[in-house]
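Residue numbers (our numbering): 145 to 336.
No residue lacks a Cβ here, since even glycine has one placed at the ideal position from N, Cα and C.
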Amino acid sequence: MYLLGFVVAFTSTCPKNQVPFSCTTSHKITCVDATSVYSASVGYLRENLPLFDALNAVTFGLDHANEPLGVATNGLNISIAVKGSSFFSSQVPYEFFLEFVMSYTNTNEGRSAWRLLFSPIVINLLENANSSWRNFTTLDAVQAIDKHLWESAFEKKIKFKAGQTPLIYGLTTILLLELAANTCGTLPLHPS
145 MYLLGFVVAF TSTCPKNQVP FSCTTSHKIT CVDATSVYSA SVGYLRENLP
195 LFDALNAVTF GLDHANEPLG VATNGLNISI AVKGSSFFSS QVPYEFFLEF
245 VMSYTNTNEG RSAWRLLFSP IVINLLENAN SSWRNFTTLD AVQAIDKHLW
295 ESAFEKKIKF KAGQTPLIYG LTTILLLELA ANTCGTLPLH PS
């Protein structure tokens, strides 16, 4: 297993190398060992691998214990690393994390590598919004990101154009064409 180290930059209730998850009903934080989260997430991805991805399963890095560069393992490492970096990311429940945050299929990650592209940009947007952004609620974070992301983060003005789905469904396509459709503008805003 290959697991990136991560930095906790806000006062987390979890110790180092533990990943915080919020309970969906009580909102109480549970701390889970990062290697356990990684292993469980890889298992979840294997069990839920879409049939059309089975032919390319080797490229996801799920079957190679020390493969950090697979499409799935790369995104998974980044997601686990940032999970404990802010209050709003720590509030993401485990089930939501498995289904929507670390899944490589949400945004065709093999094509766009959006986590590597967006991570430094989103952090910069949040830092410019407020130096104590790591203590934002999820709503505060989404509003701060949404306010500037499409207008200035990429030094381009992204415009909405209806009727483009599925023609525009990857973030790289959005940036290239400077157009967004109704299904692609909100996916990166999931707190991860």
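Kindly indicate the opening and closing residues of the beta strand (DSSP E) around residue i.
i: F165; result: 162 to 166
Starting from residue i, trace the alpha helix (DSSP H) in both directions and tell me its first and last residue.
i: V266; result: 258 to 273
i: V215; result: 215 to 227
i: Q287; result: 282 to 292
i: F231; result: 231 to 234
In its own chain, which residues sit with a C-beta less than 7 Å from the C-beta of residue i, not counting the 5 before and 5 after it?
i: P164; result: S156, T157, C158, I173, C175, K227, G228, S234
i: R190; result: L206
Measuring only the C-alpha atoms, how far is residue i from residue j?
i: F280; j: A273; result: 11 Å
i: E239; j: N161; result: 20 Å
i: F241; j: K303; result: 29 Å
i: W258; j: Y188; result: 21 Å
i: N192; j: A201; result: 12 Å
i: D177; j: L293; result: 33 Å
i: A285; j: K291; result: 10 Å
Among the residues of its own chain, which have a CB less than 8 Å from the CB of residue i, if the five just before and after it don't count?
i: A288; result: L269, L270, A273, N274, W277, F280
Tell me which residues share the same chain as residue i and place their Cβ nearer than 6 Å to its Cβ, disregarding the 5 neighbours each side in the sequence.
i: T168; result: P237
i: Y248; result: V215, A216, G219
i: V186; result: L206
* Complete runs of the alpha helix (DSSP H) confined to the stretch 157 to 207 [at least 4 residues] -> 178 to 191
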